[in-house]
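Chains as they are written, first to last, in UniProt numbering: chain A, 1 to 438; chain B, 1 to 249.
Accompanying notes for the structure given below.
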């Protein structure tokens, strides 16, 4: 067990080491992040957004930067972990490193895919302007650390008016020989005016070591762009998964995100949403499944700063055994954001006495002509449903599993990709079978 | 086949059935009629094994076995089916998937081979056709957003698929218009055979115009106070329950 000052010192040193590396392209923002890491405190329970998050899994180890360890990955692994057809474009990130050799990259010019590092070195103006633009504001230590230690990362640009015919898959694979590694994938995704795409992300693993994956994603949707963005987090049961998503939507753009947190020992998904134009529409769906020695957190920060935008946030969770979860959903409607339509819901199903959920929807409204609502439920398996299924011959455990699967399906079914949905259903069902037979 | 003797059932500590006895032989259709609060639904739920309906006395024997020791799913495996008065909505669970799982669970428990999806679809389509129902019921979530009539049809469809040896219809006629009532009755009549027993619980005589019972019981105050043939139902329709309750008192 390391003391807090030790841990902080460790990350400050890691960040400072980066600043010594001579990169022509080292951006102002990266330098700023290096400075931030020197000043920011460790996350702690005194700050509202970390109050219910269990901190030891994040802070007990001194995680060392991961290497690609390419020799541990086989093409077969990649094929098995794919969520869409093998012919579809797929970006493979191994421990956060872009792996062109394992990726399937489109060569028709429909999408620009580049390592962030390469784009920065080439002086790409969009990338220089945008990388770190959203994540830098009010970053916590780990978001700043990701920027400070900016590795290869990935930059994806979908040009104006382009409509991607097939989904673009981003496969994050964790594999390492050594324990206590820190991988820091970073994704910058820009959909230019009127572009439309489905981007699927899968956080998967080969083998199982204790590690921290510190992911930062920045997404810019320009006017009228539409992004469908299902994500499956199925990390190993010793992985800590910190995922910070920053989304900026221009006028009349549309975002549909579905985040499924099914794996990992500890996960925290943050959603930071802001608007840069009126009439944008943001849908955030999420599902978490938490059992023994697992905890998941979902943290929303949706800022309605412009008029006429819509946000719909639906999160559901199932907790069993000693599973823990936190839902912390914050929607702020600022004075100028008239005609905002914002809804937030969080529903939880608890299958055991020892499971624990802290749910905290917050709605702060400073405009007077808006439609906003929020609601939270925490319940157990409905006895009427259970009896109905059992009276039809379905054994108790299977009936509970069916009810849970039905509960989750509203969210899982929103992914819109059959392979992904079926895999998520299977993971859910398998975990429940284990939990209910214990 | 089904033998209920001196059955006492309490709900939330309050005794509802107070010594009910009943014998149903293979192939017989029994109707139980009675005023509100007489214990009709309590009887059906106790037979199906709902936990909250505590049996405080008496015995129930089904094909020689003590029914009261069995879990609800085990009762289903042994051929008992209850059509619910208020079928339960199960959001997110596809109706076809549910019925397939149900039939396979019962087949598995009996050591019979389970049906593949293709086999099941063929079976369910043939049953729908026989019942004059359309396929939209199959694609929806179990009872979710169903009208009262659709729910009852869905119960009859399940009954038809599961081919129980004892079908209990718990006020299946309540809230149905005449067309839906005919579909329900047709479903029941299609299943009538010399091995299958039925217990039709109803408040009104109307359903018995379409399902002709062999025996009619009148339940009042937690006991059967009178048993007769189908003419008893007609008599009740004419005179109400008052006279018979007075007679019994």
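Even glycine gets a Cβ: it sits at the ideal position worked out from N, Cα and C.
Option nearest residue i by Cα separation, candidates the options
{"i": "residue 349 of chain A", "options": "A/130, A/164 and A/383", "result": "A/383"}
{"i": "residue 2 of chain B", "options": "B/195, B/82, B/60 and B/228", "result": "B/60"}
{"i": "residue 94 of chain B", "options": "A/410, A/436, A/167 and A/193", "result": "A/410"}
{"i": "residue 393 of chain A", "options": "B/38, B/57, B/36 and B/70", "result": "B/70"}
{"i": "residue 110 of chain A", "options": "A/63, A/197 and A/141", "result": "A/197"}
{"i": "residue 47 of chain B", "options": "B/75, B/154, B/192 and B/223", "result": "B/75"}
{"i": "residue 378 of chain A", "options": "A/396, A/364 and A/358", "result": "A/358"}
{"i": "residue 168 of chain B", "options": "B/139, B/54, B/79 and B/12", "result": "B/79"}
{"i": "residue 239 of chain A", "options": "A/192, A/133, A/183 and A/302", "result": "A/183"}
{"i": "residue 292 of chain A", "options": "A/354, A/339, A/373 and A/408", "result": "A/354"}
{"i": "residue 104 of chain A", "options": "A/122, A/127, A/79 and A/125", "result": "A/79"}
{"i": "residue 223 of chain A", "options": "A/387, A/217 and A/280", "result": "A/280"}
{"i": "residue 10 of chain A", "options": "A/34, A/84 and A/64", "result": "A/64"}
{"i": "residue 205 of chain A", "options": "A/69, A/364 and A/174", "result": "A/174"}
Contacts that residue i makes with chain B (C-beta to C-beta distance below 8 Å)
{"i": "residue 287 of chain A", "result": "Near residue 287 of chain A there are no residues of chain B at all, since even the closest Cβ is about 12 Å away, more than 8 Å."}
{"i": "residue 410 of chain A", "result": "91 and 92"}
Where residue i falls, given that 16 or more other Cβ within 10 Å makes a residue buried
{"i": "residue 475 of chain A", "result": "Any property of residue 475 of chain A remains undetermined from this structure, which presents chain A solely from 1 to 438."}
{"i": "residue 135 of chain B", "result": "exposed"}
{"i": "residue 137 of chain A", "result": "exposed"}
{"i": "residue 118 of chain B", "result": "exposed"}
{"i": "residue 22 of chain A", "result": "Confidence at residue 22 of chain A is low in this model, with a pLDDT of 47, below 50, so the placement of that residue should be treated as unreliable; the coordinate-derived value is given next. Exposed, because fewer than 16 other Cβ atoms sit within 10 Å of the Cβ of residue 22 of chain A."}
{"i": "residue 335 of chain A", "result": "exposed"}
{"i": "residue 245 of chain A", "result": "buried"}
{"i": "residue 432 of chain A", "result": "buried"}
{"i": "residue 242 of chain B", "result": "exposed"}
{"i": "residue 288 of chain A", "result": "buried"}
{"i": "residue 100 of chain A", "result": "exposed"}
{"i": "residue 430 of chain A", "result": "exposed"}
{"i": "residue 223 of chain B", "result": "buried"}
{"i": "residue 146 of chain A", "result": "buried"}
{"i": "residue 155 of chain A", "result": "buried"}
{"i": "residue 163 of chain A", "result": "exposed"}
{"i": "residue 152 of chain B", "result": "buried"}
{"i": "residue 66 of chain B", "result": "exposed"}
{"i": "residue 263 of chain A", "result": "buried"}
{"i": "residue 59 of chain A", "result": "buried"}
{"i": "residue 212 of chain B", "result": "exposed"}
{"i": "residue 5 of chain A", "result": "exposed"}
{"i": "residue 423 of chain A", "result": "buried"}
{"i": "residue 268 of chain A", "result": "buried"}
Beta carbon of residue i nearer than 8 Å to that of residue j
{"i": "residue 453 of chain A", "j": "residue 243 of chain A", "result": "Lying before the first or after the last residue shown, residue 453 of chain A is absent from chain A, which here runs from 1 to 438."}
{"i": "residue 361 of chain A", "j": "residue 413 of chain A", "result": "no"}
{"i": "residue 333 of chain A", "j": "residue 370 of chain A", "result": "yes"}
{"i": "residue 180 of chain A", "j": "residue 213 of chain A", "result": "no"}
{"i": "residue 347 of chain A", "j": "residue 316 of chain A", "result": "yes"}
{"i": "residue 39 of chain B", "j": "residue 24 of chain B", "result": "no"}
{"i": "residue 131 of chain A", "j": "residue 27 of chain A", "result": "yes"}
{"i": "residue 296 of chain A", "j": "residue 261 of chain A", "result": "yes"}
{"i": "residue 62 of chain A", "j": "residue 2 of chain A", "result": "yes"}
{"i": "residue 420 of chain A", "j": "residue 115 of chain A", "result": "no"}
{"i": "residue 40 of chain A", "j": "residue 141 of chain A", "result": "yes"}
{"i": "residue 390 of chain A", "j": "residue 194 of chain B", "result": "no"}
{"i": "residue 214 of chain B", "j": "residue 100 of chain B", "result": "no"}
{"i": "residue 225 of chain A", "j": "residue 194 of chain A", "result": "yes"}
{"i": "residue 102 of chain A", "j": "residue 152 of chain A", "result": "no"}
{"i": "residue 58 of chain B", "j": "residue 7 of chain B", "result": "yes"}
Contact list for residue i against chain A, beta-carbon separation under 7 Å
{"i": "residue 119 of chain B", "result": "Per Cβ cutoff of 7 Å: no residues; residue 119 of chain B is ~17 Å from chain A at best."}
{"i": "residue 77 of chain B", "result": "393"}
{"i": "residue 48 of chain B", "result": "391"}
{"i": "residue 167 of chain B", "result": "The premise fails here: residue 167 of chain B is roughly 12 Å from chain A at the closest Cβ pair, so nothing lies under 7 Å."}
{"i": "residue 82 of chain B", "result": "391"}
{"i": "residue 106 of chain B", "result": "393"}
Contacts that residue i makes with chain B (C-beta to C-beta distance below 9 Å)
{"i": "residue 405 of chain A", "result": "92 and 93"}
Listed by chain order, chain B residues near residue i by CB distance under 7 Å
{"i": "residue 384 of chain A", "result": "88"}
Chain A residues whose Cβ lies nearer than 8 Å to that of residue i
{"i": "residue 102 of chain B", "result": "389, 392, 393 and 394"}
{"i": "residue 72 of chain B", "result": "387, 390 and 391"}
{"i": "residue 109 of chain B", "result": "393"}
Short CB-CB distance (under 8 Å) between residue i and chain E
{"i": "residue 298 of chain A", "result": "Absent here is chain E; the protein component of the structure consists of chains A and B."}
Contacts of residue i in chain A (Cβ-Cβ under 9 Å)
{"i": "residue 158 of chain B", "result": "392"}
{"i": "residue 201 of chain B", "result": "The premise fails here: residue 201 of chain B is roughly 15 Å from chain A at the closest Cβ pair, so nothing lies under 9 Å."}
*At least 3 beta-carbon pairs within less than 8 Å: the segment 129 to 148 of chain B vs the segment 38 to 47 of chain B*: no
*the segment 247 to 255 of chain A / the segment 157 to 177 of chain A touching (three or more Cβ pairs under 8 Å)*: no
*Is the number of C-beta pairs between the segment 117 to 132 of chain A and the segment 7 to 17 of chain A that are closer than 8 Å three or more?*
no
*Contact between the segment 305 to 314 of chain A and the segment 277 to 286 of chain A: three or more CB pairs below 8 Å?*
yes
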